[in-house]
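Have a look at the structure below before the remarks.
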Amino acid sequence: MTDSVAAGTGHSASERVRGQIWRNGEAVGAFDPDGFDLDVISDCLDSGDPDTLIWADLECPSHETLSRVAAEIDLDPFAVEDTVAAAERVKTVVYSGHTFVMVYAIALHDGDASSDADAEPSDEVSERVSGTDFRASMNGHARMFDLHRISIFVKRNALITVRPTPGFDMDEVVRRWTESSAMQHGMGALVHGLLDVVVDGHFDAVQRLDDEIEDLEALLFDERVPGRELQRRTYDLRKDLVVLRRVVLPMREVIAGIQRRRFENNAPPELDPHFSDLYDHALRASEWTESLRDMITTVFETNLTLADARLNTVMKKLTAWAAIIAVPTAITGFYGQNVPFPGYLNTFGFIMSICLIVVVVLSLYISFRRRDWL
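Counting with our numbering, you get residues 189 to 562 for the letters of the sequence shown.
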């Protein structure tokens, strides 16, 4: 990412600024995805019109652009510092002039569609196991999703979103706002539409991870999958789950904090059902994520148990064959003594030793087979 200023634009070569204005719930002009005048923000705020809403999105902003916006609309310096920090947790902070929300959106990588619920999972997964694509995915871990941090500044009639990476689909958020009939109810409609897209992305990621773990469960008892590769895949999914939990679980507190803030400010009650539904979705995603931790732990422990069982089977076979081989070794060693013994210098002794070896070996073999050692 470069901070060089593009000629004639005043923006860095990689940054993108866009936005939209609403009056009385209706969009003012067509949405322009290629540019937005930041001076409009302060103009709308200075007008004092309570029926005017404005949204501005700063994608990969330069330091100058972010400082300019912060100065124009009086953003708290600590909130701005959190926006540019290397890493920040999911949170909601209420400042004197605005509310600051930090969330992480999830963008799934394109991949094979999850298995159909009506299909036989073991057969489908086994086909994938036998291919080279599965082995290639085992060799190097590629995370199934990307995280995109979104810093949200919420004022009375202005919403500012700052994104340091361009991966999040902001067009989907704009589409939700365009199709929503709740824009007339104020800033809460903008906040709800944005968080609704974020939570939906969390839900999709949890579902994808659940499908991956179910596939892994089906692979546990497939002898064609090497144990080391299976352990590696289990470990990779555990790493993805740890990252997912860090961004999904705190969303409950974020949405609950926004609901409390709305109640304290006597916000219009028309949006209360929408935020309650949003909280329910976040809660379901959190509970599902917690259940996935139990599932992946079970898979990991089952894999270790099966590995121990396979080791015990190998040890039993080695022990059984060692016992069988020890019999002819002992008998031939006995008859190899350089002293007289029954049958010494007689063909009868050779026949007797051979018969003894065969009888004892067969007896041991049958006994071990009955005990399932061989």
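No residue lacks a Cβ here, since even glycine has one placed at the ideal position from N, Cα and C.
Residue range T240 to E247 is occupied by the beta strand (DSSP E) that includes T240. Between the C-alpha atoms of N534 and L550 there is a straight-line separation of about 25 Å. Taking C-alpha positions only, V362 is separated from R206 by approximately 11 Å. In the three-state DSSP reduction, T280 falls in the strand class (E or B). Each residue's CA atom was taken as its position, placing I401 and L378 some 35 Å apart. Taking 9 Å as the cut-off, the beta carbon of V413 is found no closer than this to the beta carbon of V291. Taking 3 residues as the shortest admissible run, the segment 477-559 contains no complete beta strand (DSSP E) segment at all.
Annotation: the continuous alpha helix (DSSP H) that includes T422 extends over G415 to V436. Here D245 is buried. Its C-beta has 16 or more other C-beta atoms within 10 Å. Between the alpha carbons of Q372 and Y283 lies a distance of about 25 Å. Here the alpha carbons of T366 and K279 stand approximately 27 Å from one another. According to the DSSP assignment, D398 belongs to the alpha helix (DSSP H) that extends over M375 to L407. I446 and H297 have their C-alpha atoms some 30 Å from each other.
Under a 10 Å Cβ-count criterion, L492 is classified as exposed, with fewer than 16 other Cβ atoms of the shown protein chains found around its own Cβ. Judged by DSSP in its simplified three-state form, V216 adopts coil rather than helix or strand. DSSP places G445 inside the alpha helix (DSSP H), whose first and last residues are M439 to E452. Contact check between the segment 464-480 and the segment 383-395: three or more CB pairs, one atom from each, fall below 8 Å, which counts as touching. Secondary structure of H336 (DSSP, three-state): strand. A Cβ-Cβ separation of about 5 Å places V268 in contact with A258 under the 8 Å criterion. Cβ atoms of T477 and L432 come within 8 Å of each other, at about 6 Å.
Taking a cut-off of 8 Å for Cβ pairs, the segment 479-498 and the segment 413-422 touch, as three or more such pairs fall below it. If you look at T349, you'll find it in the beta strand (DSSP E) that goes A346 to R351.
Around the CB of F356, 16 or more other CB atoms lie within 10 Å, so the residue is classed as buried. Taken atom to atom, the span from the alpha-carbon of R364 to that of N345 is near 18 Å. Between the C-alpha atoms of G381 and F463 there is a straight-line separation of about 10 Å. Counting the other CB atoms within 10 Å of its CB gives R337 a total of 16 or more, which places it among the buried residues.
Here D239 has R211 and N212 as same chain residues with Cβ atoms under 7 Å from its own Cβ, once five neighbours each way along the sequence are excluded.
In this structure, the CA atom of P516 is about 15 Å from the CA atom of T507. Taking all protein chains in view, the Cβ of C248 is crowded by 16 or more other Cβ atoms within 10 Å, so the residue is classified as buried. Judged by DSSP secondary structure, M290 falls within the beta strand (DSSP E) whose first and last residues are T287 to L296. DSSP places W210 in the strand class (E or B) of the three-state scheme. DSSP places A258 inside the alpha helix (DSSP H), whose first and last residues are H251 to E260.
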